[in-house]
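Residue numbers (my numbering), protein chains in the order written: chain W, 935 to 1086; chain D, 3 to 288.
No residue lacks a Cβ here, since even glycine has one placed at the ideal position from N, Cα and C.
Just so you know, these numbers come straight off a predicted model, no measurement behind them.
Right, here's the structure in full:
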């Protein structure tokens, strides 16, 4: 067992982990963050995406012990003061159906908008290309992101 | 979901510490940087290390530096960092273009180019650019260091020239001395996150030097030495393209797998060579 300290959604958290504990599992089972989802467990689907030091990563391919001293942000953190403009736009555009891909998409979309407030449609598609969605065909997701960013 | 395989985890602060761990554990230790390949392999039972040596805390591996026309890419440099680097974009454009095609943002934010060549899957997107640029792999163990030419690095699918007590420190590339145009063509089942069904990296210089390399259509990525011998010194024309396309088939050995048939790969590599050459020359002349 190793004691790790991480900043999770702005709060310092200390927990014990085994070296082989996967970050996704620790977030969901020990740290109370249910938004990152287990989709493929191999880094292909993006449902487990979280922000690590501001950059989106596949939490299913990170050991919890690796984030000692680092900053992790999940959807719970992004929306702790209410829905973000992006989330409200996704609602308006009916961008999600079952919602399973949504946390990962929102993480990727947030990362994009933080670095590129005015992305082209191609840039939007590239940003979410690592988030697989079985329901929507992606168009309502892209439309919402385009709408959200073109007004800036 | 959780891993059943146990291992010890070390996060050395210095390179020497890391090398000492490697000397101690030998082949029973694995280096952990991005982990996007390694952690998956451990999950699937293909790797069962006794120790993981997390090198992300070793600052000297975090550098991208161009000094006296020699580029050093440290072992911790991710594909995202390569893409964000003006040095790479302006001076090693083929590497920049190739890096943008790797997986997707979430993977690129963690995956290192060093890890990419250590995993050494036949379809690796960094392969053609590194071969075209004649890169060298800087490798170290507790006894010393050596450089391995990228042309000697790949031995077989997932097998490289590295020894079990060695780790890669970084990559070295000498900047091409002449004005050149480059192009990386990647064929995938869809745009976005996919492994290459076929990949071609090309450089054409103002002195009609041609460097062309492939990935995903042979057990290891390689230069098209016969095509280069055909084209070097000449101005490209339709006939030469056709000859080059015929030669290509004798230099590759694609297989049929879940992503494509070998017939499709054989056909498409020829198309990509033509388009890649034309695009490289267009960019050279810009």
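Determine the contact status of residue 187 of chain D and residue 274 of chain D, defining contact as a CB-CB distance below 7 Å. Residue 187 of chain D sits at position 185 when you count from the first residue of the second chain. Residue 274 of chain D sits at position 272 when you count from the first residue of the second chain. Contact: yes.
Note down, in chain order, all residues in the segment 937-960 of chain W with a beta-carbon under 9 Å from any beta-carbon belonging to chain D. If the cut-off is 9 Å between Cβ atoms, the segment 937-960 of chain W has 952, 953, 954, 955, 956, 958 and 959 near chain D.
If you follow the beta strand (DSSP E) that residue 202 of chain D is part of, which residue opens it and which one closes it? By 1-based counting over the second chain, the position of residue 202 of chain D is 200. Counting along the chain, residue 202 of chain D sits inside the beta strand (DSSP E) bounded by residues 200-207.
For a test of the three-state rule: what should DSSP assign to residue 1082 of chain W, helix, strand or coil? One-based indexing of the first chain puts residue 1082 of chain W at position 148. Here residue 1082 of chain W sits in helix by DSSP.
Please confirm whether residue 1049 of chain W has its beta-carbon closer than 7 Å to some beta-carbon of chain D. For the purposes of this step, residue 1049 of chain W is identified with residue 115 of the first chain, where counting begins at 1. No - not a single Cβ of chain D is within 7 Å of the one on residue 1049 of chain W.
Residues of its chain near residue 84 of chain D, where Cβ-Cβ distance is below 8 Å and the 5 sequence neighbours each way are ignored: Residue numbering aside, residue 84 of chain D sits at position 82 when the second chain is read from its first letter. These residues qualify, in order along the chain: 66, 75, 90, 97, 98, 101 and 115.
Taking 7 Å as the CB-CB limit, is residue 999 of chain W close to chain D? As a working mapping, residue 999 of chain W is identified with position 65 in the first chain. At a cut-off of 7 Å between beta-carbon atoms, residue 999 of chain W makes contact with chain D.
Quick one, which of D:82, D:276 and D:184 has its alpha-carbon nearest residue 134 of chain D's? Here residue 134 of chain D corresponds to residue number 132 of the second chain, with the count starting at 1. Among D:82, D:276 and D:184, the Cα nearest to that of residue 134 of chain D is on D:184.
In whole angstroms, what separates the C-alpha of residue 1034 of chain W from that of residue 45 of chain D? Along the first chain, one-based indexing puts residue 1034 of chain W at 100. Along the second chain, one-based indexing puts residue 45 of chain D at 43. Whole-angstrom Cα-Cα distance: 23 Å.
For residue 950 of chain W, which three-state DSSP category applies? Mapped onto the first chain, residue 950 of chain W falls at position 16. Correct three-state label for residue 950 of chain W: strand.
Cβ-based burial, residue 984 of chain W [other Cβ within 10 Å; buried from 16]: Residue mapping note: residue 984 of chain W aligns to position 50 of the first chain, counting from 1. A residue is called buried once 16 or more other Cβ atoms fall within 10 Å of its Cβ, and residue 984 of chain W is buried on that count.
For the pair the segment 142-156 of chain D and the segment 106-113 of chain D, tell me if three or more CB-CB distances fall below 8 Å. They do not touch, by the three-pair rule.
Counting only the same chain and skipping the five closest in sequence on each side, list residues whose C-beta sits under 6 Å from that of residue 125 of chain D. Counting from one through the second chain, the residue named residue 125 of chain D turns up at place 123. Within the same chain, residue 125 of chain D has close Cβ partners 197, 198, 217 and 218.
Within the segment 944-1020 of chain W, ranges of the alpha helix (DSSP H) (whole runs, at least 4 residues): Qualifying alpha helix (DSSP H) stretches, in chain order: 957-963 and 1009-1012.
Please state whether DSSP places residue 18 of chain D in a helix, a strand or coil. Position 16 of the second chain, counting from 1, holds the residue named residue 18 of chain D. In the structure shown, residue 18 of chain D falls within a helical segment according to DSSP collapsed to helix, strand and coil.
Is residue 991 of chain W close to chain D? Criterion is C-beta to C-beta, closer than 7 Å. For the purposes of this step, residue 991 of chain W is taken as the residue at position 57 of the first chain. For residue 991 of chain W, the answer is yes, since a Cβ of chain D falls inside 7 Å of its Cβ.
Mind pulling the chain W residues with CB within less than 8 Å of residue 11 of chain D? As a working note, residue 11 of chain D is residue 9 in the second chain. What residue 11 of chain D touches in chain W: 936, 953, 997 and 999.
Quick one: is residue 57 of chain D near chain W, going by C-beta distance under 7 Å? Along the second chain, read from residue 1 onward, the residue named residue 57 of chain D stands at position 55. No - not a single Cβ of chain W is within 7 Å of the one on residue 57 of chain D.
Examine chain D for any beta-carbon lying closer than 7 Å to the beta-carbon of residue 1061 of chain W, and answer yes or no. Sequence index remark: in the first chain, residue 1061 of chain W carries index 127 (1-based). For residue 1061 of chain W, the answer is yes, since a Cβ of chain D falls inside 7 Å of its Cβ.
Taking the DSSP output, what are the residues bridged to residue 173 of chain D? Looking up residue 173 of chain D in the second chain gives position 171. DSSP output for residue 173 of chain D lists D:75 and D:139 as bridge partner(s).
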